[in-house]
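Chemist:
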Ligand code: FES
């Protein structure tokens with residue numbers, strides 16, 4: 004091998020090693036967020052029991068930081084939950100529903116007569132216990148887990164906020 008060849012090969016090898024050293028962390032940086040679990044469920048305190056009237060649904064916004072693959076956003080509304088206080092003696096003092104319609108994800112509202120939930124997008128309707136009132140939604144409103152913590156006479160109602168796949172007959176949590 005001539006001295007010229009030696010320098011040519013040496014430069015190529017060195018260049019390849021330096022490129023690899025720069026490329027590996029770059030690729031790892033780009034792929035890293037894809038491996039992270041996003042949108043996992045969290046529990047939010049929403050109301051005291053005394054703030055809810057039996058049988059009258061009340062909506063609560065969930066406010067939190069949001070994160071997508073590469074960006075952290077400041078706190079903002081990320082969803083809505085409906086709480087329905089049950090009659091005294093019921094197994095669950097409060098029932099919570101995800102406000103996203105299981106049909107295509109629009110926000111479900113309370114009907115003007117306050118005796119049912121309605122979705123304005125394609126007219127899905129639900130009873131106050133979340134059962135479908137017509138054949139439009141593929142399943143009932145998605146119930147969320149509720150915890151009552153604090154003094155038994157007026158506990159704080161905490162809700163595990165999750166999202167579920169729309170257009171499915173089964174309630175499938177989104178990761
Ligand atoms: S999204 Fe609610 S009825 Fe279609």
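In our numbering, the protein residues as written are 4 to 178.
Don't be surprised by glycine CBs; every beta carbon is placed ideally from N, CA and C.
Keep in mind that this is a model prediction, so the values were computed, not measured.
Whose CA, out of 81, 62, 164, 60, lies closest to the CA of residue 68?
Modeler: Checked all of 81, 62, 164, 60; the closest Cα to residue 68 is 81.
Chemist: Under 7 Å from any heavy atom of the ligand FES, does the C-beta of residue 113 make it?
Modeler: No; taking the cut-off as 7 Å, the Cβ of residue 113 has no heavy atom of the ligand FES nearer than that.
Chemist: In the DSSP output, what is residue 1 paired with across the bridge?
Modeler: Within the shown structure, residues of the chain are numbered from 4 to 178, placing residue 1 beyond reach of any answer.
Chemist: Just the C-alpha distance for residue 150 and residue 137, rounded to the nearest angstrom, thanks.
Modeler: C-alpha separation (whole angstroms): 30 Å.
Chemist: Could you check the C-alpha separation between residue 171 and residue 134 for me, to the nearest Å?
Modeler: Each residue's Cα considered, the two are about 15 Å apart.
Chemist: What number of angstroms, rounded off, separates the C-alpha of residue 34 from the C-alpha of residue 72?
Modeler: Because residue 34 carries a pLDDT of 48, less than 50, the predicted location of this residue cannot be relied on, and the following value inherits that uncertainty. Their backbone Cα atoms lie some 9 Å apart in a straight line.
Chemist: Taking a contact to mean a Cβ-Cβ separation below 8 Å, would you say residue 120 touches residue 45 in this structure?
Modeler: Their beta carbons are not under 8 Å apart, which means residue 120 does not touch residue 45 by this criterion.
Chemist: Out of curiosity, what's the CA-to-CA distance linking residue 51 and residue 160?
Modeler: If I take the Cα positions, the gap works out to 6 Å.
Chemist: Let me make sure I understand the geometry here. Which of 75, 108, 59 has the alpha-carbon closest to that of residue 85?
Modeler: Residue 85 has its Cα closest to that of 59, out of 75, 108, 59.
Chemist: Does the distance between the C-beta of residue 137 and the nearest non-hydrogen atom of the ligand FES fall short of 7 Å?
Modeler: False, no ligand heavy atom lies under 7 Å from that Cβ.
Chemist: In the DSSP assignment, the beta strand (DSSP E) including residue 80 goes from what residue to what residue?
Modeler: Note, residue 80: beta strand (DSSP E), 75-88.
Chemist: For residue 79 and residue 49, I'd like the C-alpha separation in whole angstroms.
Modeler: Residue 79 and residue 49: Cα-Cα distance of roughly 15 Å.
Chemist: Under 7 Å from any heavy atom of the ligand FES, does the C-beta of residue 55 make it?
Modeler: Checking every heavy atom of the ligand FES against the Cβ of residue 55, none is found closer than 7 Å.
Chemist: Do you know how far the Cα of residue 55 is from the Cα of residue 131?
Modeler: The straight-line gap from Cα to Cα measures roughly 14 Å.
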